[in-house]
Amino acid sequence: MNILLWHVHGSWTTAFVHGRHRYLLPVTPDRGPDGLGRARTWDWPSAAVELTPAELREADVDVVVLQRPHEAALAREWLGRDVPAVYLEHNAPGTDGTGTGGVPETRHPLADAGLPIVHVTHFNRLFWDSGASRTVVIEHGIPDPGHRWTPTVDRAAVVVNDPVRRGRWTGTDLLPTLADAVPLDVFGMRADRLDVPGARTFDLPQSELHDAMAARRCYVHPIRWTSLGLSLLEAMHLGMPVVALATTEVVRAVPPGAGVISTDPAELAAAARRYLDDPDLAAAHGAAARQAALDRYGLKRFLDDWDVLLDEVAA
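Right under this line is the structure:
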């Protein structure tokens with residue numbers, strides 16, 4: 004199929020464009036939010052192609068994957084016709100400002116719009132009010148980076164973009180407590196704006212991030228309220244023991260023996276300290292985390308699930 008989608012979520016799109024289709028990515032001269040085109044920091048296959056709005060008008064498009072409410076009107080304008088579509092919701096309610104009502108009464112902006120709404124986690128589907136719209140859960144899948152965990156740096160890794168701006172959403176306020184227990188290396192865009200004693204910051208290209216993460220003793224995921232962070236799944240694939248707040252979908256993603264999850268930051272700090280002090284425990288839990296990630300969040304399952312839905316929608 005020829006699938007039109009906007010480059011909105013780089014990590015998710017990286018997995019999606021590894022399927023068997025041709026992926027049409029709008030590109031505009033300014034490469035703004037509606038025309039970002041191909042990724043420049045991820046390795047995408049040649050089946051992901053850039054098309055201008057004018058080229059899209061002449062393109063053969065089988066299905067549109069919408070990810071933001073305004074894209075439905077944009078697709079009609081640029082294609083000049085209606086094309087079967089699904090709406091992919093990446094976020095937990097309340098995190099992007101598109102819903103109405105308070106959690107758990109948040110009304111989805113595409114509720115009752117007549118399109119299937121695809122959620123990336125069961126938690127998200129549970130908490131969004133999607134009205135009469137059909138809902139489907141297609142859990143994340145990521146390309147396997149391989150078992151790279153070779154801890155040579157006695158520090159814990161954290162990955163979060165815009166930690167200062169996003170604040171409590173991403174658990175940035177919890178970092179000082181964690182840094183009191185273990186030295187932290189925080190990776191992410193604009194992480195250098197952090198001022199946390201005991202924490203170092205890095206903004207690395209995607210090609211370097213996985214090796215840098217895997218050199219740390221454990222991965223800490225202090226996210227309070229977002230969808231399931233792909234950095235957590237990447238850490239698990241890398242074979243890292245993980246320490247995570249037991250919020251949103253984390254309780255489903257991290258099984259017993261693959262890490263430590265809790266709603267008590269003090270417990271998380273103590274767990275991270277144990278992983279730094281006990282390499283054998285860290286290795287065992289990291290191996291279990293990798294297997295759990297491969298079993299639930301493998302790329303083939305993800306692409307197969309999408310193919311079933313895309314075939315149905317296109318038909």
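Numbering-wise (my numbering), the sequence shown opens with residue 4 and increments by one. From the three backbone atoms N, C-alpha and C, an ideal C-beta is built for every residue, glycine too.
| Check | Outcome |
| --- | --- |
| Per DSSP, residue 219 is paired with what? | 156 |
| Using DSSP bridges, identify the partner residues of residue 145. | 301 |
| Looking at the structure shown, is residue 207 part of a helix, part of a strand, or coil, going by DSSP? | coil |
| Hey, quick one: how far does the beta strand (DSSP E) through residue 67 stretch, first residue to last? | 66-69 |
| Thinking just about the alpha-carbon of each residue, which of 209, 178, 213, 208 is nearest to the one in residue 198? | 178 |
| Cβ atoms of residue 35 and residue 29: under 8 Å apart, would you say? | no |
| Does residue 25 come out as helix, strand or coil in the three-state DSSP assignment? | strand |
| Measure the CB-CB distance between residue 246 and residue 275 and report whether it falls below 8 Å. | yes |
| Measuring straight from C-alpha to C-alpha, what distance separates residue 75 and residue 89? | 10 Å |
| Looking at residue 273: is its Cβ nearer than 8 Å to the Cβ of residue 144? | no |
| Is it buried or exposed, residue 239, if we count other Cβ atoms within 10 angstroms and call 16 or more buried? | buried |
| Excluding the five sequence neighbours on either side, which residues of its own chain have a C-beta within less than 6 Å of the C-beta of residue 154, listed in chain order? | 220 |
| What did DSSP end up calling residue 230 once you bin it into helix, strand or coil? | coil |
| Quick check on DSSP: helix, strand or coil for residue 5? | strand |
| When the Cα of residue 249 is compared with those of 159, 237, 271, which residue comes out closest? | 271 |
| Would you decide whether residue 22 is buried or exposed? Buried here means 16 or more other CB atoms lie within 10 Å of its CB. | buried |
| Sort 161, 114, 231 by Cα distance to residue 142 and report the nearest one. | 231 |
| Report yes or no: do the stretch 79-89 and the stretch 57-68 share at least 3 C-beta pairs separated by less than 8 Å? | yes |
| With which residues is residue 134 paired in a DSSP beta bridge? | Partner(s): none; residue 134 has no beta bridge. |
| Is residue 236 helix, strand or coil when you go by DSSP? | helix |
| Looking at residue 20 and residue 48, is the spacing between their C-beta atoms short of 8 Å? | yes |
| Would you mind reading off the limits of the beta strand (DSSP E) that contains residue 51? | 51-54 |
| In the DSSP assignment, find the beta strand (DSSP E) that holds residue 188 and state where it starts and stops. | 187-190 |
| Measure the alpha-carbon distance for residue 317 versus residue 139 and round it to whole angstroms. | 16 Å |
| Per DSSP, what kind of secondary structure is residue 59 in: helix, strand or coil? | helix |
| Are three or more beta carbon pairs between the stretch 255-268 and the stretch 189-207 nearer than 8 Å? | no |
| Which residue from 244, 308, 40 puts its Cα closest to that of residue 286? | 244 |
| For residue 161, count the other beta carbons within 10 Å of its own beta carbon; 16 or more makes it buried, fewer makes it exposed. Which is it? | buried |
| Based on the DSSP secondary-structure assignment, which residues constitute the bridge partners of residue 247? | 224, 264 |
| Whose CA, out of 7, 292, 304, lies closest to the CA of residue 150? | 292 |
| Looking at the strands, I want to know which residues DSSP matches up with residue 122. | 92, 140 |
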